[in-house]
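**Q**
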Amino acid sequence: MLKDVTLGQFFPGDTVVHRLDPRTKLILVIVYIVALFAAKTYAAYALVMIVLIVCVSLSQIRFTTIMKGVKPILIVILITGILNLFFTQGEHVIFRLWKLTMTWEGVRTAALMILRLIMLINGTFLLTYTTSPIALTDGLELLLSPLKKLRFPVHELAMMMSIALRFIPTLIEETDKIMSAQKARGADFDTGGIVQRAKAMLPLLVPLFVSAFRRADELSVAMESRCYHGGEGRTRMKKLTFARRDFGALILGAVFLAAVFALNRVWK
Amino acid sequence: MDSIIKTESLTYAYRSVEDEHPRVVLQGLDLEIERGTFVAILGHNGSGKSTLAKHFNGILLPLGGKVYVEGIDTSVEETMLEVRKRVGMVFQNPDNQLVANVVEEDVAFAPENLGYPPEEIRMRVDDALRIVGMYDMREHAPHLLSGGQKQRVAIAGVLAMSPKCVVFDEPTAMLDPQGRQDVIRTIRQLRDEMNVTVVLITHHMEETIHADRVVVMSDGKIVVDGPPKKVFPNVEYMREQGLDVPETVDILYELDKCGFHYRLDALSVDECAREILTAFTGAGA
Ligand SMILES: Nc1ncnc2c1ncn2[C@@H]1O[C@H](COP(=O)(O)OP(=O)(O)OP(=O)(O)O)[C@@H](O)[C@H]1O
Ligand SMILES: [Mg+2]
Numbered sequence: 046m047l048k049d050v051t052l053g054q055f056f057p058g059d060t061v062v063h064r065l066d067p068r069t070k071l072i073l074v075i076v077y078i079v080a081l082f083a084a085k086t087y088a089a090y091a092l093v094m095i096v097l098i099v100c101v102s103l104s105q106i107r108f109t110t111i112m113k114g115v116k117p118i119l120i121v122i123l124i125t126g127i128l129n130l131f132f133t134q135g136e137h138v139i140f141r142l143w144k145l146t147m148t149w150e151g152v153r154t155a156a157l158m159i160l161r162l163i164m165l166i167n168g169t170f171l172l173t174y175t176t177s178p179i180a181l182t183d184g185l186e187l188l189l190s191p192l193k194k195l196r197f198p199v200h201e202l203a204m205m206m207s208i209a210l211r212f213i214p215t216l217i218e219e220t221d222k223i224m225s226a227q228k229a230r231g232a233d234f235d236t237g238g239i240v241q242r243a244k245a246m247l248p249l250l251v252p253l254f255v256s257a258f259r260r261a262d263e264l265s266v267a268m269e270s271r272c273y274h275g276g277e278g279r280t281r282m283k284k285l286t287f288a289r290r291d292f293g294a295l296i297l298g299a300v301f302l303a304a305v306f307a308l309n310r311v312w313k
Numbered sequence: 050m051d052s053i054i055k056t057e058s059l060t061y062a063y064r065s066v067e068d069e070h071p072r073v074v075l076q077g078l079d080l081e082i083e084r085g086t087f088v089a090i091l092g093h094n095g096s097g098k099s100t101l102a103k104h105f106n107g108i109l110l111p112l113g114g115k116v117y118v119e120g121i122d123t124s125v126e127e128t129m130l131e132v133r134k135r136v137g138m139v140f141q142n143p144d145n146q147l148v149a150n151v152v153e154e155d156v157a158f159a160p161e162n163l164g165y166p167p168e169e170i171r172m173r174v175d176d177a178l179r180i181v182g183m184y185d186m187r188e189h190a191p192h193l194l195s196g197g198q199k200q201r202v203a204i205a206g207v208l209a210m211s212p213k214c215v216v217f218d219e220p221t222a223m224l225d226p227q228g229r230q231d232v233i234r235t236i237r238q239l240r241d242e243m244n245v246t247v248v249l250i251t252h253h254m255e256e257t258i259h260a261d262r263v264v265v266m267s268d269g270k271i272v273v274d275g276p277p278k279k280v281f282p283n284v285e286y287m288r289e290q291g292l293d294v295p296e297t298v299d300i301l302y303e304l305d306k307c308g309f310h311y312r313l314d315a316l317s318v319d320e321c322a323r324e325i326l327t328a329f330t331g332a333g334a
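Below, the structure written as structure tokens:
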């Protein structure tokens, strides 16, 4: 069950998408998200979807893998869909039940909203799947570095993120172990209603938290022992460099965003 | 005598929130570790071994007394990095000392913190990974490695600072026999081939037989200090300290009790076998 959590997983590869500078990819993902939420017409949606499909194909990551990222938040997507379905005002009523009305406009909005959320997840997961967590946090640190002047703890934030990403697999493994241990002693995580299951999870969380704190404590000692003293004076083994393809990709990104806005106007 | 680490009547106590009285863990400890030696530190649980080790690179600062690393006082804030890059430290749980998702990035952590230029970091990382035999796995994710491999990556991460001394705090406690063997081999290689001073804290007596010196701690004090061949034959005393002796010594001790007369200082299996054999043939002749 926990194996399904793919957050923070990286699939190494040697494609254009993999080779782009993480800063470029971060900017492009933001461009993509803006485009996705700006898209109002079918044509604009279609363009965003085509771009997503092209990028995923270029990255050589399987579509099923990309879709796996949707699973953990399926419920959120469904609830959003249902809310949109019944609370969208419209004229073309399909049916009326007590106070609930379902309209064609509602169906349309709900469908588009679900599509939008799924594509949002797909796009961001494409980023984490094709960028090593280190490159990602390095990119973020560099992109945000102007904020250092405002005393925003950019380095600390990036370090926290990279450590969180480093420990996700370890903590998942540990959760699995604790779950097995408790199942062996008769705990039941798989049956019963939501409340019952949540209650069954409680004894799981306590040892997990205790161990996470112990790990954090040991890790901080190990980091200090290896001369960590914050971001000041720290250098990197792999320096990020903008290549020509990064400029190309950024230009394409700008064109894409412009096209989405144009399509919003052209096809009403 | 050229010592790399020196403690002078080192005292330390942990303060706790619930307890009024701080818990005294080290009580006026004097210890000098010579350059290029392999020192094993033994002692029952809670005898203060880890606490002592954390003083060697200034993770903990003495409450009383002093600790010097190559003459540098560890309690001086300004020279802290100088101390830490001279004395590396490897801990028990390999999972909790790896910071990065890629082996080589993890090994690069220390030289990055020390601000070396990228080319030099690359060189240090490659060298360190070759020494521990993990170069071919430099692009792997640490969480997919075995415990022994992870621990060797952790050792490489320390070696990348080119330390003069490496302190190992129970580095094999969480490993399987194969991993344990690999790690111990790497540790010996550091001392024998690279002339790195090694301090090894352990509960496994077999790991100490190659040490130049065994230091036994009890309740925050040093109670025995000497070469393994002198220390282990005192089987009864070691047991009183809640410690074992190497199996080879144990066999000879048991035989000795049965009326055979053996010297108890055989540490390797070969030596042990030879000792038994000569005693037999000697008795037969
Ligand atoms: N952070 C801490 N806060 C309070 N007390 C501590 C702390 N760390 C250790 N102690 C106490 O100090 C004493 C010595 O601990 P230390 O970890 O140095 O022993 P050790 O010889 O390394 O034992 P082990 O063989 O179990 O690793 C123990 O009684 C322990 O309970
Ligand atoms: Mg200890």
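Protein sequences, first through last, are from chains A and B.
Okay, so the first sequence: first residue is 46 according to the numbering used here, each after it adds one.
Okay, so the second sequence: first residue is 50 according to the numbering used here, each after it adds one.
The beta carbon of each residue, even a glycine, is placed where N, CA and C say it ideally should be.
No experiment lies behind these values; they were computed from the predicted model shown.
#1: Listing by chain order, which chain A residues have their CB less than 8 Å from the CB of Lys134 of chain B?
#2: Given Leu147 of chain B, which residues of its chain have a CB within under 7 Å of its CB, disregarding the five upstream and five downstream residues?
#3: Buried or exposed: which applies to Ile54 of chain B, given that a residue is buried once 16 or more other Cβ atoms fall within 10 Å of its Cβ?
#4: In chain A, which residues lie less than 9 Å from Ala205 of chain B when you measure between Cβ atoms?
#5: On a Cα-Cα basis, can you pick out the residue from B:Val215, B:Gln238, B:Asp293 that is closest to Glu83 of chain B?
#6: Quick one: give me the first and last residue of the beta strand (DSSP E) that Ala89 of chain B is part of.
#7: CB Leu97 of chain A to CB Met164 of chain A, shorter than 7 Å?
#8: Run the CB neighbour count on Ala303 of chain A, radius 10 Å, all protein chains shown included, and call it buried at 16 or more, exposed below.
#9: Between Ala209 of chain B and Ala177 of chain B, is the Cβ-Cβ spacing less than 7 Å?
#10: Does the beta-carbon of Lys103 of chain B, which I'm using as the reference point, lie nearer than 6 Å to any heavy atom of ligand 2?
#11: Per DSSP, which residues does Met266 of chain B bridge with? Please list them.
#12: Would the beta-carbon of Cys272 of chain A fall within 7 Å of that of Leu109 of chain B?
#13: Taking beta-carbon pairs under 9 Å, can you tell me which members of the stretch 121-145 of chain B lie near chain A?
#14: Closest to Arg412 of chain B by C-alpha separation, out of B:Val118, B:Asn150, B:Ser124, would be which residue?
#15: Quick one: is the Cβ of Lys98 of chain B within less than 6 Å of any heavy atom of ligand 1?
#16: Am I right that Leu172 of chain A and Lys70 of chain A are in contact with their C-beta atoms under 8 Å? What's the rounded C-beta distance?
#17: Applying the criterion that 16 or more other CB atoms from any shown protein chain within 10 Å of the CB defines a buried residue, is Glu285 of chain B buried or exposed?
#18: Buried or exposed for Cys321 of chain B, going by 16 or more other Cβ atoms inside 10 Å?
#19: Could you check how far apart the C-beta atoms of Gly184 of chain A and Arg279 of chain A are, in whole angstroms? I think they sit under 8 Å.
#20: Mind checking whether Ile271 of chain B and Val264 of chain B have CB atoms under 7 Å apart?
#21: In chain B, which residues lie with their C-beta within 8 Å of the C-beta of Val199 of chain A?
#22: Do Ile170 of chain B and Ala149 of chain B have their CB atoms nearer than 7 Å?
#23: Apply the 10 Å Cβ neighbour rule to Pro226 of chain B and answer buried if 16 or more other Cβ atoms are within range, or exposed otherwise.
#24: Less than 8 Å between the CB atoms is what I'm expecting for Leu81 of chain A and Arg161 of chain A, so what's the real figure, rounded?
#25: Determine the burial state of Tyr90 of chain A: buried for a count of at least 16 other Cβ atoms within 10 Å of its Cβ, exposed for fewer.
#26: Just to confirm, is the Cβ distance from Ala156 of chain A to Val305 of chain A under 7 Å?
#27: At the 7 Å Cβ level, is Met282 of chain A part of the contact set with chain B, yes or no?
#28: Output, in chain order, the set of chain B residues within a Cβ distance shorter than 9 Å of Gly278 of chain A.
#29: Check each candidate in B:Leu292, B:Glu303, B:Met138 and name the one with the smallest Cα separation from Thr100 of chain B.
#30: When the Cα atoms are used, what is the spatial distance from Thr60 of chain B to Val298 of chain B?
#31: Is it the case that the CB of Asn150 of chain B approaches a heavy atom of ligand 1 more closely than 6 Å?
#32: Between Ile325 of chain B and Lys279 of chain B, what straight-line distance do the alpha-carbon atoms span, to the nearest angstrom?
#33: Is His63 of chain A buried or exposed, if buried means 16 or more other CB atoms sit within 10 Å of its CB?
#34: Note the first and the last residue of the continuous alpha helix (DSSP H) segment covering Asp305 of chain B.
#35: Should the stretch 120-131 of chain A be called in touch with the stretch 146-155 of chain A, which here means at least 3 C-beta pairs below 8 Å?
#36: Verify whether the separation of the beta carbon atoms of Ile179 of chain A and Ile122 of chain A is less than 7 Å.
**A** In brief:
#1: Cys272
#2: Asp155, Pro191, Lys199, Val202, Ala203
#3: buried
#4: Here the premise fails: no neighbours, minimum Cβ distance about 11 Å.
#5: B:Val215
#6: 87-92
#7: yes
#8: exposed
#9: yes
#10: no
#11: B:Gly92, B:Ile271
#12: no
#13: Met129, Leu130, Arg133, Lys134, Val136, Gly137, Met138, Val139, Phe140, Gln141, Asn142, Asp144, Asn145
#14: Since the first residue of chain B shown is 50 and the last is 334, residue 412 of chain B is not available in this structure.
#15: yes
#16: 6 Å
#17: exposed
#18: buried
#19: 16 Å between Cβ atoms; not a contact.
#20: yes
#21: Correct list: empty, because the minimum Cβ distance to chain B is about 16 Å.
#22: no
#23: exposed
#24: 6 Å
#25: buried
#26: no
#27: yes
#28: Asn162, Leu163, Gly164
#29: B:Met138
#30: 34 Å
#31: no
#32: 19 Å
#33: buried
#34: 296-306
#35: yes
#36: no
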